[in-house]
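Numbers 22 to 338, taken from this note's numbering, label the letters of the sequence shown in order.
From the three backbone atoms N, C-alpha and C, an ideal C-beta is built for every residue, glycine too.
Heads up: the structure comes next, in structure tokens.
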Amino acid sequence: MKEVVAGIDIGGTNIVFGLVDRDGEILADGVLTTSDYPEFPEYVAAQVKGIKDLLAINSGLKLISIGIGAPNANYYKGTIELAPNLSWKGIIPLGAAISELSRVPVTVTNDANAAAVGEMIFGGAKNMKDFIVLTLGTGLGSGIVVNRQIVYGYTGFAGEIGHLTVVPGGRICGCGKQGHLETYASATGLVRTVSELLGTMRNDTPLRDIAPAKLSSKMVANYAQQNDPVALRAIEYTAELLGLGIINSIAFSSPEAIFLFGGLAQAGEMLLEPVRHYVDKNIMPIFRGTCKIIPSAIPENTAAVLGAAALAWNERS
């Protein structure tokens, strides 16, 4: 029988999962709606049933392990701890519960760490020892790899680059503190920057006709490609602050590459080019030119499942 692992990505809206072989091919996949399972035991039962259903309709596969990417996940304990966007409150014994019902080992980490392992096993970091993945979505997540090991730190929560302070006394972050990188260099941060610029710039722009709740980072990037002055300035400012976060990251771990992934990264070279400019301009000379800043090599539509699956495969290597 062919050995496979299950990769699970738990999000605030959907839980995607799939069966993945050692080469990174997703052989079967499924999805659960997170809000359908307000009680944790109900979710565990549905999740294990979903995996078993995939195995039942794909004969010849043997499940040997499960990897899970989840918000506020603690790799050491296999728990989700105080996740603000999930209905399961407190400290949730995710790994132990899934393992008990599925009868296979389970490894748990946060989604950005899973993305980093996915990049290392299946993506652009296959031949790298030291690199960082930044996930630029609603927030800014990060997975730091040193000598092909994820950096977890003493508590299991190390590597929160999104919560570096880049503007003292700046924007309020979802964590309650001020001026953190993710409030500027994320999809949400870009939209906040546009809203602020519309109050200070007098240029004509169709962005003024879009309700703030309807505005997305993709719209801003599209207008920037049309040389809209407000959108261009917003991208430039975002790149400057993201560059500052990257400079700090390079200084402490000297990675070979920093991979950008997620909604904001879809802006491509429009974002990457000014980010590289600000990094090159402001970084210590000893680090200049040593770190590539490049897009993730894993397709976004498969990244969540592949990252979680890579976590499971990596534990067996």
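Inset, instruction - Have a look at A260, T323, I319 and flag the residue whose alpha-carbon is nearest the alpha-carbon of K302. - result: Translated into the one-based positions of the sequence shown, residue 302 becomes position 281. Residue A260 is the option with its Cα nearest to K302.
Legend entry - Stretch-stretch touch, CB-based, cutoff 8 Å, three pairs: the stretch 271-278 with the stretch 233-241: no
Inset, instruction - Using alpha carbons as the reference points, say which of G283, E46, S207, Q287 lies closest to F143. - result: Against the sequence shown, residue 143 aligns to sequence position 122. Of the listed residues, the one whose Cα sits closest to F143 is E46.
Inset, instruction - Could you tell me the boundaries of the alpha helix (DSSP H) in which T344 lies? - result: Any question about residue 344 goes unanswered here, given that the chain covers just 22 to 338.
Inset, instruction - Please say whether G183 and G197 have beta carbons closer to each other than 8 Å? - result: For this step, residue 197 is matched to residue 176 along the sequence shown. For this step, residue 183 is matched to residue 162 along the sequence shown. No; because the gap between Cβ atoms is not below 8 Å, this pair is not in contact.
Legend entry - Other residues of its chain near I29: CB distance less than 6 Å, five sequence neighbours each side excluded: Counting from one through the sequence shown, the residue named residue 29 turns up at place 8. Once the five neighbours on either side are set aside, the close Cβ partners of I29 are F38, I89, A329.
Inset, instruction - Only counting runs of 3 or more residues, tell me where the beta strand (DSSP E) segments fall wholly within the stretch 58-141, in order along the chain. - result: 82-90, 100-102, 127-130
Inset, instruction - Give me the Cα-Cα distance between A213 and N335, rounded to the nearest whole angstrom. - result: Walking along the sequence shown from the start, residue 213 turns up at place 192. Walking along the sequence shown from the start, residue 335 turns up at place 314. It should be noted that the sequence gives Arg, not Ala, for residue 213. For R213 and N335, the distance between alpha carbons rounds to 38 Å.
Inset, instruction - Under 8 Å by Cβ, that's how I've got G191 and T204 pegged, so tell me the actual separation to the nearest angstrom. - result: Start at 1 with the first residue of the sequence shown, and residue 191 comes out as number 170. Start at 1 with the first residue of the sequence shown, and residue 204 comes out as number 183. Indeed they touch by this definition, with Cβ atoms about 7 Å apart.
Legend entry - Beta-carbon contacts of M222 that lie in its chain and below 6 Å, excluding the five residues immediately before and after: On the sequence shown, position 201 is the one that residue 222 refers to. So the qualifying residues of the chain are V251.
Legend entry - For A329, the three-state DSSP class (helix, strand or coil): Within the sequence shown, the letter at position 308 stands for residue 329. The answer is helix: DSSP assigns A329 an H, G or I state.
Legend entry - Pick from N131, K147, M291, L292 that is closest to N93, judged by C-alpha positions: The residue given as residue 93 occupies position 72 in the sequence shown. Closest option to N93, Cα to Cα, is N131.
Inset, instruction - For A206, name the three-state secondary structure that DSSP assigns. - result: Numbered from 1 along the sequence shown, position 185 holds the residue referred to as residue 206. In the structure shown, A206 sits in coil (DSSP, three-state: anything other than H, G, I, E or B).
Inset, instruction - Would you decide whether E290 is buried or exposed? Buried here means 16 or more other CB atoms lie within 10 Å of its CB. - result: The count along the sequence shown starts at 1 and reaches residue 290 at position 269. Exposed.
Inset, instruction - Using 10 angstroms around the beta-carbon of S207, count the other beta-carbons present and answer buried if the total reaches 16, otherwise exposed. - result: Working through the sequence shown from its first residue, we reach residue 207 at position 186. Classification of S207: buried, given that the 10 Å Cβ count is 16 or more.
Legend entry - Beta-carbon contacts of Y58 that lie in its chain and below 7 Å, excluding the five residues immediately before and after: Taking the sequence shown and counting its residues from 1, one reaches residue 58 at position 37. Excluding sequence neighbours, Y58 sits near Y64, A67.
Legend entry - Residues bridged to P306 (per DSSP): The residue you call residue 306 lines up with position 285 of the sequence shown. Beta-bridge pairing links P306 to no other residue.
Legend entry - Extent of the continuous beta strand (DSSP E) run through A278: Residue numbering aside, residue 278 sits at position 257 when the sequence shown is read from its first letter. From DSSP, the beta strand (DSSP E) with A278 extends over 278-282.
Inset, instruction - Leaving aside the five residues before and after D151 along the sequence, list all residues of the same chain whose C-beta is less than 6 Å from its C-beta, in chain order. - result: Position 130 of the sequence shown holds residue 151. Excluding residues within five positions, the ones whose Cβ falls inside 6 Å are V167, P276, E277.
Inset, instruction - Go to S274, then tell me how far its alpha helix (DSSP H) extends in each direction, as first and last residue. - result: For this step, residue 274 is matched to residue 253 along the sequence shown. That run of the alpha helix (DSSP H) goes 250-274.
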